[in-house]
Structures are given as structure tokens and as C-alpha cells.
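For reference, the structure discussed in these notes is given below.
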Amino acid sequence: MAFKRNIDRLPIPPKDAKVQNVTCHFCIVGCGYKAYSWEVNRQGGPSAGSNAFGANLALQQDTETTNWFAPSMYNIVKQNGRDVHLVIKPDHECVVNSGLGSIRGARLGELSFSETTGSQAQRLTDPLVWRYGALYPTSWQDALDLVADVTRRVIEEQGEDGLIVSAFDHGGAGGGYENTWATGKLYFESMKIKNIRIHNRPAYNSEVHATRDMGVGELNNCYEDAELADTIFAVGTNALETQTNYFLNHWIPNLRGTSLRKKNAQLPGESHSAGRIVIVDPRRTVTVNACEIEAGKENVLHLAINSGTDLTLFNALVTYVSDQGWIDKEFIAASTSGLDAMLAANKTSLDDAAKITGLSADDIKKAASFIAEPKDGKRRRTMFAYEKGLIWGNDNYRTNGALVNLALATGNIGRPGGGCVRMGGHQEGYVRPDYPGGRPAPYVDQLLIGGKGGVHHIWDCDHYKTTLNALEFKTVYKKRTDMVKDAMSSVAYGDRNAQVEAIMGAIRKGGLFSVDVDIVPSKIGQAAHVILPAATAGEMNLTSMNGERRMRLTERYMDPPGQAMPDCLIVAGLAQALERSWRAAGKNDVADKFKGYDWKTEEDAFMDGYHANANGGKFVTYERLRAMGTNGFQEPAVDFRDGKIIGTKRLFANGTFNSKDGKATFMATQWRGLQAEGKQQEKDKFAFLINNGRANHVWQSAYLDQQNDFVMDRWPLPYIDMNPDDMNELSLQEGDLVEVYNDNGSTQAMVYPTPTARPKQTFMLFAFPTGPQGNVVSKGVNELILPNYKQTWANIRKIASAPEVTRHLTFKSQEYLPPT
Amino acid sequence: MRKCDKLVDVGRRHFLRGAATAVAGGAAATAMTAAGPAEAKPTFARVNYPSHRLANVSDLKVDQPLEITYPDADSPGVLIKLGSPAEGGVGPDGDIVAFSTLCPHKGFPLHYIATDKSLNCPGHYSRFDCEKGGMEIWGQATENLPQFLLRVDGKGDIYAEAIDDLIYGRLTNVLKA
Chain A
67 MAFKRNIDRL
77 PIPPKDAKVQ
87 NVTCHFCIVG
97 CGYKAYSWEV
107 NRQGGPSAGS
117 NAFGANLALQ
127 QDTETTNWFA
137 PSMYNIVKQN
147 GRDVHLVIKP
157 DHECVVNSGL
167 GSIRGARLGE
177 LSFSETTGSQ
187 AQRLTDPLVW
197 RYGALYPTSW
207 QDALDLVADV
217 TRRVIEEQGE
227 DGLIVSAFDH
237 GGAGGGYENT
247 WATGKLYFES
257 MKIKNIRIHN
267 RPAYNSEVHA
277 TRDMGVGELN
287 NCYEDAELAD
297 TIFAVGTNAL
307 ETQTNYFLNH
317 WIPNLRGTSL
327 RKKNAQLPGE
337 SHSAGRIVIV
347 DPRRTVTVNA
357 CEIEAGKENV
367 LHLAINSGTD
377 LTLFNALVTY
387 VSDQGWIDKE
397 FIAASTSGLD
407 AMLAANKTSL
417 DDAAKITGLS
427 ADDIKKAASF
437 IAEPKDGKRR
447 RTMFAYEKGL
457 IWGNDNYRTN
467 GALVNLALAT
477 GNIGRPGGGC
487 VRMGGHQEGY
497 VRPDYPGGRP
507 APYVDQLLIG
517 GKGGVHHIWD
527 CDHYKTTLNA
537 LEFKTVYKKR
547 TDMVKDAMSS
557 VAYGDRNAQV
567 EAIMGAIRKG
577 GLFSVDVDIV
587 PSKIGQAAHV
597 ILPAATAGEM
607 NLTSMNGERR
617 MRLTERYMDP
627 PGQAMPDCLI
637 VAGLAQALER
647 SWRAAGKNDV
657 ADKFKGYDWK
667 TEEDAFMDGY
677 HANANGGKFV
687 TYERLRAMGT
697 NGFQEPAVDF
707 RDGKIIGTKR
717 LFANGTFNSK
727 DGKATFMATQ
737 WRGLQAEGKQ
747 QEKDKFAFLI
757 NNGRANHVWQ
767 SAYLDQQNDF
777 VMDRWPLPYI
787 DMNPDDMNEL
797 SLQEGDLVEV
807 YNDNGSTQAM
817 VYPTPTARPK
827 QTFMLFAFPT
837 GPQGNVVSKG
847 VNELILPNYK
857 QTWANIRKIA
867 SAPEVTRHLT
877 FKSQEYLPPT
Chain B
6 MRKCDKLVDV
16 GRRHFLRGAA
26 TAVAGGAAAT
36 AMTAAGPAEA
46 KPTFARVNYP
56 SHRLANVSDL
66 KVDQPLEITY
76 PDADSPGVLI
86 KLGSPAEGGV
96 GPDGDIVAFS
106 TLCPHKGFPL
116 HYIATDKSLN
126 CPGHYSRFDC
136 EKGGMEIWGQ
146 ATENLPQFLL
156 RVDGKGDIYA
166 EAIDDLIYGR
176 LTNVLKA
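One line per chain: the protein sequences are A and B, in this order. Going by the working numbering, the first sequence opens with residue 67, and the numbers climb by one from there. Going by the working numbering, the second sequence opens with residue 6, and the numbers climb by one from there.
Dropping the structure here:
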């Protein structure tokens with residue numbers, strides 16, 4: 067049966083409920099929410115004067131009401147040690163989401179830790195250490211001293227390259243300016259750690275190196291530009307599912323034509339009509355369907371490209387647009403360099419592009435016209451948006467550059483209705499001292515597989531779920547960490563010197579000491595020797611910025627579980643333990659490098675980090691952010707005036723870019739086939755494309771969703787979309803379990819019949835806890851160690867007919883059907 | 006109008022989950038129906054659902070949904086004969102089901118698509134499967150679609166007697182008990 071909560075009523079927030087600012091923890095969009103909390107033994111009433119909404123709740127509320135919350139938005143949590151009711155509901159005043167709640171953010175309430183209701187009982191409450199053959203609780207000081215002593219000993223023997231780090235670099239939960247600063251200060255300032263990687267890729271690198279090298283920061287427009295554009299050109303982004311309320315609240319009004327008034331008011335002197343959209347994606351997504359519903363099929367061009375051939379398409383478009391004279395000569399002359407060389411290098415005919423991409427020359431021409439054909443003699447405004455289809459796709463660096471070429475040539479950066487932007491995954495929240503390593507950065511997962519390093523610090527990362535070549539990684543990692551576990555079990559826990567000696571003995575033989583900081587038990591945490599419990603957003607004050615650089619403060623509205631602490635304060639504790647350890651070893655010069663962590667609160671870390679170091683940070687404080695509410699301001703801050711932080715609506719609005727001469731540079735980006743080592747052979751050898759991505763229910767929220775009944779009822783296993791003919795060939799029915807396998811490894815999924823899936827082209831959920839797609843992804847990367855998850859080929863075979871967990875599910879098409 | 010200010014027991018109650026709760030809920034609803042109008046004090050653990058006659062089985066044709074309201078006139082729903090047995094289905098063929106038609110996301114009215122027996126929301130494209138207890142096929146709602154619990158008497162009259170989740174736009178399913 068479908069999961070139901072069997073809730074028939076909820077408590078009413080009283081008039082004097084406490085109201086705090088919340089930005090959703092999960093994805094890049096950062097929707098605004100408000101947290102209402104009040105004492106557990108009180109409640110409001112239905113009359114307008116007795117509830118927090120000022121509404122008569124004895125009546126049915128209207129569509130899109132501000133006066134209702136779903137059961138998923140509610141919980142009972144601790145606030146300063148006392149039980150309170152908590153409601154986290156979407157904020158109608160926030161310009162990002164205007165009251166919309168996604169299927170993820172609208173569950174923030176029930177995804178909170180509660181001893182009363184039992185939600186998120188998986189949360190870590192205590193530091194844990196390996197002793198007597200299992201992980202058991204200990205004190206912060208005991209755990210941190212052990213980590214510090216082992217870390218020091220490894221550095222003494224192997225140098226700082228012996229410390230390998232995996233750390234988030236983003237905003238939202240498990241990140242934020244406070245925490246990225248703290249980890250950055252520890253590893254890049256107090257130490258000079260080069261062997262560090264980021265949560266979702268095996269090295270310390272930008273996912274969008276090319277656009278940065280061209281002088282164009284990747285988050286350069288504002289969400290309103292999607293309402294102002296004549297055309298949206300969307301590449302490898304399934305925005306309805308992965309930037310849901312940005313899409314619903316800013317793209318859809320343009321496609322519906324309801325932003326016309328805004329276009330006419332802000333952009334007078336040119337003709338305007340409802341927006342059109344080009345979607346480059348090998349797969350027909352629910353995004354394509356929604357666009358067709360709203361804009362009409364004639365205004366939606368879905369380019370179902372051969373997987374991994376985007377670069378050729380962009381080169382053909384820039385060639386054609388230039389040949390037609392549809393480029394912005396004035397902008398190019400004033401603000402760019404290298405156009406002619408780029409055009410000469412990238413020259414691609416429509417026919418050649420058609421052959422490689424599998425598209426028709428006419429469709430490529432039509433896309434060029436949507437993008438750049440002048441409207442009544444005026445420049446057409448096009449917004450370029452891209453995400454993982456490009457970022458984790460073939461030849462990432464050049465493909466990124468090829469798209470920015472097109473945006474620059476058509477004068478679409480820094481202008482209203484324009485932009486060339488990544489859509490984003492997490493929110494951002496990066497402020498750190500400079501990374502001391504080189505470029506390309508070390509391929510950290512290969513170092514670990516190759517037996518390098520003696521100690522591994524993991525900050526809210528889970529390689530077991532989100533790395534490439536995951537099966538080999540797991541096999542080696544388990545072996546190396548088991549060596550240390552066995553050594554630890556061989557001596558009494560209470561004898562610290564003997565413990566450290568035993569650990570070091572195992573490390574010298576190839577073992578690895580693993581320290582895992584997280585909010586929940588992770589898969590890689592199964593291998594850890596020390597686990598440190600972190601707090602998440604809302605359990606601490608936390609700042610981040612979203613995909614239009616909108617910075618907000620999520621206020622602390624509840625206590626963290628047990629002894630859990632904000633990451634930045636764990637860093638402070640670890641730094642102080644390292645100082646003690648080095649001093650006890652008689653190395654005062656090293657110990658002194660770990661001074662400067664006397665933070666008592668996350669606000670102290672914020673002031674030490676963002677306020678003192680970020681561009682415009684001097685204008686930003688917690689107090690000012692609180693007053694700016696869920697709308698915050700758009701970074702960078704440029705002033706504080708009349709009680710408000712003044713931000714920046716668009717980057718590069720004055721035509722000056724991030725380079726020495728202020729000009730953006732075009733890039734030569736020739737096609738070179740499947741670039742990553744071994745990909746072409748894999749394609750030739752295996753039958754099915756295993757394209758991969760996210761589901762609406764689970765997106766930047768899997769770590770909590772894995773204990774959410776609503777989600778796990780719907781997706782107990784990752785689904786794999788398959789064409790019905792392919793299913794017949796393999797004698798598969800809906801809900802059957804299959805093994806996906808190739809020379810890299812194997813994983814499992816449940817079959818979802820998908821008539822719109824092209825033959826032999828499947829789509830599988832990525833990074834799902836019960837079937838990591840990364841197991842079958844090869845170790846092939848680009849020249850800057852960017853993973854290529856998308857171009858993966860494998861075979862499929864049946865494991866079992868639909869088990870009980872999938873038998874009650876619906877496998878109907880996920881595409882909305884309009885009234886007939 | 007009767008107010009909802011008698012609500013107590015707002016703590017653990019609604020986190021009871023799964024089949025055991027459904028059984029308890031059903032039993033409570035039956036008991037309350039038998040007791041007549043909700044004048045009893047103290048209040049029950051679940052709200053006091055009315056029993057409303059919606060239609061007779063002979064009124065229904067396969068895939069021709071009947072608009073209904075339950076538990077009051079401000080809560081629209083739909084009564085559908087699906088043509089094959091379904092979760093929560095009643096009647097001689099076990100195929101008669103009823104659902105709220107207010108989308109649990111933002112309250113837009115759902116429409117029925119007979120070709121795949123789904124309810125669809127024009128607001129933000131959510132879809133619910135009428136053959137699977139209102140399971141959200143895809144969408145924005147954080148609830149599967151509230152289903153009305155039905156009973157058929159000896160004459161073939163169909164009664165709605167309870168709801169298995171919270172209806173959009175009300176913090177108690179029964180506003181006028």
C-alpha cells in the first residue's frame with residue numbers, strides 16, 4: 067500500500083510562536099522558509115486572533131494559502147533543552163520561491179532530529195572510536211586527541227602528503243561559509259595539504275575550470291533573467307527536478323507569457339513575447355514535458371543529442387551564428403578577445419555536427435535561430451544554463467568553453483535576460499585560504515587505491531556512494547582500514563601510547579587510519595576508526611549563497627543531537643588538539659601554527675572567515691543578515707546603507723571580466739571524440755548507455771531520505787528507466803531487480819518501463835544508497851581530474867522478479883497529462 | 006460553528022505509522038459513527054469522521070468519475086470505478102475508490118485521466134495513481150494523495166467514513182464536527 071501518515075489534524079501555531087529565517091538546506095536554489103516554534107504544552111486556536119497566521123482556521127483555506135502546512139513540515143524538537151513544536155513552511159515573501167515548497171524542502175520538519183517522534187534516529191549523537199571490535203561512544207577530548215596524535219605521527223613519518231583529506235566545499239547542509247572557512251584554515255593555512263578532494267569528485271578542482279579560465283565566473287546572472295530572456299538554452303539540466311522552484315517560479319512564467327509585463331517594464335524599446343526554450347539532453351525529461359505543456363510544442367526544441375557530443379553542437383552553433391552575422395560585434399570588440407582564432411579553430415559545418423550529434427541539420431539551424439536571430443533588428447536575449455549533463459559529461463573542460471564561446475559571441479553575459487550559468491547542485495559557501503596544490507590537482511582516490519597516505523580525514527563526504535570506480539575504491543579502502551582495526555583490537559584501548567604505536571605499525575604496512583565527520587552514519591563511515599558527530603543547518607547558524615549568489619542566514623532553530631557540534635567548532639577542537647600534540651612532542655614551531663582557533667560559536671568562525679576575507683565580507687554580519695530575512699542580498703556586497711546590505715544583481719554588467727585586461731577570452735575547443743581514457747572501448751564493448759542523474763523525491767537529501775518513510779516507500783531501490791523493447795529482450799517486468807555490470811564493477815536497480823527512453827539508452831538514479839551507480843563508472847577523467855559519470859556503458863541482466871518492496875509501487879509515466 | 010479549540014493530544018499521536026495505525030483509525034471511525042454526532046468528552050485520539058452516502062454502485066460506470074465532497078462541502082473529491090480491483094477498492098468488483106482532489110502540494114484541483122487511471126495537477130504537474138492508493142507517481146506533494154475509506158451496504162450504497170491523511174488547506178480533517 068502507498069505510505070500514508072494517517073494524520074488527521076496538526077497543532078496550530080499560537081499567535082506568539084517564534085518565527086525564524088530558514089533557507090532550505092538541500093539544493094542550490096535555496097528556497098526561503100520560516101521556522102515557527104512554540105512550547106510543546108501550548109497551542110494556538112482556529113480563530114484569527116489566536117494563531118500565528120491571523121486566519122480563521124475553522125474554514126477550508128484557499129489554493130496556495132499561506133495559512134497551512136503539511137504534516138511533513140511539522141515535528142517536535144529540542145530548543146535549548148526544552149521540547150517545542152516546530153513547523154518549517156515555505157515563505158511567500160521570499161523572491162526565490164514565492165511560497166513554493168519542493169518535495170524535498172517541504173519535508174525539512176519531519177527530516178529534523180526528534181527524540182519525541184523518533185524521526186532521524188540515525189543521527190550521530192556522540193564521538194565514536196573503534197575499540198573491542200566495534201565503534202563505541204567516547205568524549206570529544208578523547209576522540210580528538212587520538213586523531214591528533216595519529217595525524218601528527220603520520221605527518222612526522224610521511225610529511226603532510228601523508229594526510230589525505232576529503233571535504234565539502236559547498237553551502238547548505240554539511241557546508242556553509244563557517245565550515246568551509248574552518249576546514250580551509252586548518253588544511254591550507256595551519257597545514258599545506260595538497261592531497262585533498264571534494265565531496266563528489268576525486269580531486270580538488272573546479273567543475274567549471276573553462277569558464278573561469280575565460281574570465282567568466284559561472285554564477286553570473288540572477289534568477290529574474292530567466293523571466294526576461296527571449297530564449298532559454300538549457301544543456302544537461304533537468305531543472306524541474308533539480309532546481310525545482312527556480313524552474314517553477316522563474317522559467318515557467320516566461321514560457322507561459324506571464325512575465326511579459328516585467329519584460330516590457332524593464333526592457334522597453336524592443337518587442338517581447340513569451341519565452342522559447344531549447345533543451346539539450348539525450349533523454350526526454352519531465353522538464354521537457356512541462357515546457358511543452360506551458361509554452362506549446364512549437365516553442366520548445368528538445369535536442370535529443372547523442373550522449374557526450376554537446377561540444378560539436380556548440381561549435382556548429384557558433385559557426386552558423388557567426389556566418390549569419392548574428393553575433394554582437396560591439397560587445398565582442400569592447401569586452402572580449404580571441405574571436406577570430408576561436409572561429410577558425412572551432413569551425414564546424416551543420417552537416418558534420420548532425421553526423422556526430424545525431425541531430426538534424428535543420429534542428430541545429432532552428433536552435434541557432436531561437437538563440438540569436440535578431441528580433442526586429444534588435445539582439446535576441448538568450449540565457450544559457452548548464453549542469454551535470456555537461457559538467458560530468460564528455461570532455462568537460464572544452465565543452466564548457468564551447469558553450470561560453472556561444473554566450474560571449476551573442477553578447478549574452480552581464481545583460482538582462484542573459485547569463486551563461488551553471489544551474490548548480492548544492493548551494494555555495496566557499497571562503498578559504500588558497501589551495502596550496504598545483505593544477506591538475508592530485509587524483510586523490512587513485513592515491514588511496516595505490517596505498518598512499520597514512521591518515522584520512524573525511525568531512526561530510528561519502529566516496530562509497532559518490533565516487534567513480536567505486537567498487538575498486540571500496541575494496542581497497544576496506545582492506546587498508548581493516549588492517550588498522552585489527553591492530554587497534556590487539557592492544558588495550560586505555561593505553562594510548564600502545565594504541566598509537568599499534569596504529570602506526572599497521573600504517574607502515576599499508577594500513578590507513580580513517581576519521582569520518584558526518585551527521586549520520588555514512589557508507590564510508592563503516593570503515594572509520596573515529597567518527598565525529600556534526601550539527602547541520604538550523605542546529606547551528608549557517609550562511610550560504612544560492613545560484614544567483616543570494617546570501618542568507620539560516621538561524622539556529624533547534625539543538626543538535628546529543629554532543630554533535632558545528633563542523634567549524636569540531637575543526638577548532640581538532641586544531642587545538644593538534645597544537646597540544648605537537649607541543650607535547652617538543653615541536654613548538656609546528657604547534658604555533660595551530661593558534662587562532664579560539665572560536666566559541668559559529669559566528670566567531672564567520673567573522674574570522676567570511677567577514678574578514680570574502681569580497682565585500684566587511685559589510686556582512688549575522689545581525690545584518692538576520693534583518694535581511696529570507697531575501698538576503700546578492701553577492702558580492704558593495705555597501706551597507708539605510709540598514710541594508712547592498713548587493714550585486716548581475717556580474718560583469720559593466721562589460722569587464724575576470725582577467726588582467728578585463729576582457730573575456732574565447733577558447734579553441736576542437737572535437738576529439740570520447741576524451742576520457744577507455745570510454746570509447748567501453749562503449750564498443752557494452753550494450754547499454756547507463757546515463758544517470760537524480761529523482762525529484764531525492765536530491766541533495768539522500769542522507770536523510772534514507773530514513774524517511776515517504777521517500778523509501780517510493781524508491782526502495784534506485785530505478786533504471788528502460789525502453790519496453792529492451793525489457794522484452796531481457797524478459798523483464800516492471801519492478802524487477804537487475805544487475806548492471808561492466809569491467810569496472812556491478813550494481814543493482816529496479817526496472818522502470820519508460821516508452822520515451824531510446825533503445826539501449828537507460829537512465830539510472832545516481833548516488834543512491836541502495837545501489838551506487840558509481841560502481842560501474844570507470845576511473846577515466848579529463849585533464850583536470852573531472853569525473854565523467856554520464857558516459858558509462860554496461861550490460862544488464864535480471865537478478866530477480868519484483869520483490870515485495872517494489873511490488874506495491876506505481877510504474878506509470880512520470881509525465882504530467884493535461885485534461886483531455 | 007464548532008471550533009477546533011478542543012484539540013489536545015498533539016504530541017506523539019500522529020507519528021503512529023503503518024498498518025497498525027490504519028486498523029486503529031478505521032476502528033475508531035466506526036465506533037464514532039455508531040455513537041452519532043461528536044458530543045463526547047473527552048475528545049478521541051482521532052477526529053470524529055462523519056459517514057456520508059456518496060452514491061450507489063449502480064450509479065457508477067468504469068472510468069467515469071463522480072465528483073463528491075467529503076467530509077464536508079468544502080472538501081472536493083472524486084469517486085471512481087476503475088474496472089479492476091485496486092488498493093482500498095470496495096464494491097462487488099473491489100474497484101471503487103475515492104480520493105481528495107485538492108493537490109496536497111498547493112491545493113490545485115486534480116483532474117482524472119482515464120487512459121492511465123491517474124489524477125493530475127495542473128499547478129505543478131504532480132500525478133497520483135488511483136490504482137495504488139494514491140501513490141504519487143511524480144510530483145511536488147510531500148504526501149501521497151489522501152484516500153477516502155469507503156463502505157458499501159447491502160443495498161449497494163457507498164459511504165465515505167474516514168480519510169487516511171491530511172487534506173490540503175485544513176489543519177484538521179473535520180472542520181465542522
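Beta carbons: idealized from backbone N, C-alpha and C, even for Gly.
Return the CA-CA distance between residue i and residue j, expressed in angstroms with no decimal places.
i	j	result
residue 186 of chain A	residue 178 of chain A	6 Å
residue 141 of chain A	residue 774 of chain A	13 Å
residue 133 of chain A	residue 121 of chain A	7 Å
residue 131 of chain B	residue 288 of chain A	27 Å
residue 866 of chain A	residue 874 of chain A	16 Å
residue 887 of chain A	residue 674 of chain A	Here chain A comprises residues numbered 67 to 886, so residue 887 of chain A is not present and cannot be evaluated.
residue 141 of chain B	residue 427 of chain A	40 Å
residue 888 of chain A	residue 158 of chain A	Nothing about residue 888 of chain A can be reported from this structure: the residues present for chain A run from 67 to 886 only.
residue 138 of chain B	residue 92 of chain A	29 Å
residue 257 of chain A	residue 519 of chain A	15 Å
residue 151 of chain A	residue 98 of chain B	44 Å
residue 291 of chain A	residue 864 of chain A	47 Å
residue 820 of chain A	residue 777 of chain A	21 Å
Any heavy atom of the ligand NAD within a distance shorter than 6 Å of the CB on residue i?
i	result
residue 693 of chain A	The ligand NAD is absent from the structure shown, which contains no ligands of any kind.
DSSP state of residue i, grouped into three classes?
i	result
residue 297 of chain A	strand
residue 265 of chain A	coil
residue 157 of chain A	coil
residue 115 of chain A	helix
residue 202 of chain A	strand
In terms of residues, what are the limits of the beta strand (DSSP E) holding residue i?
i	result
residue 590 of chain A	Element bounds for residue 590 of chain A: n/a, residue is neither H nor E.
residue 398 of chain A	Where residue 398 of chain A is concerned, there is no enclosing beta strand (DSSP E), although the alpha helix (DSSP H) it sits in stretches over 395-401.
residue 805 of chain A	803-808
residue 452 of chain A	448-452
residue 543 of chain A	That residue, residue 543 of chain A, is in no beta strand (DSSP E); its alpha helix (DSSP H) goes 536-555.
Apply the 10 Å Cβ neighbour rule to residue i and answer buried if 16 or more other Cβ atoms are within range, or exposed otherwise.
i	result
residue 887 of chain A	Only positions 67 to 886 of chain A appear in the structure, and residue 887 of chain A is not among them; the question remains open.
residue 339 of chain A	exposed
residue 663 of chain A	buried
residue 198 of chain A	exposed
residue 800 of chain A	buried
residue 152 of chain B	buried
residue 362 of chain A	exposed
residue 165 of chain B	buried
Could you name the residues that DSSP lists as bridge partners for residue i?
i	result
residue 635 of chain A	None, per the DSSP bridge assignment.
residue 152 of chain B	B:104
residue 656 of chain A	None, per the DSSP bridge assignment.
residue 788 of chain A	A:819
residue 525 of chain A	A:233 and A:583
residue 85 of chain A	A:102
residue 114 of chain B	B:107
residue 270 of chain A	In the DSSP output, where bridge partners are listed per residue, residue 270 of chain A has none listed.
residue 133 of chain B	B:124 and B:141
residue 441 of chain A	A:444
residue 368 of chain A	A:345
residue 73 of chain A	DSSP lists no partner for residue 73 of chain A.
Grab the span of the alpha helix (DSSP H) containing residue i for me, first residue to last.
i	result
residue 243 of chain A	243-250
residue 326 of chain A	326-332
residue 72 of chain B	Note, residue 72 of chain B: premise wrong, no alpha helix (DSSP H); beta strand (DSSP E) at 71-74.
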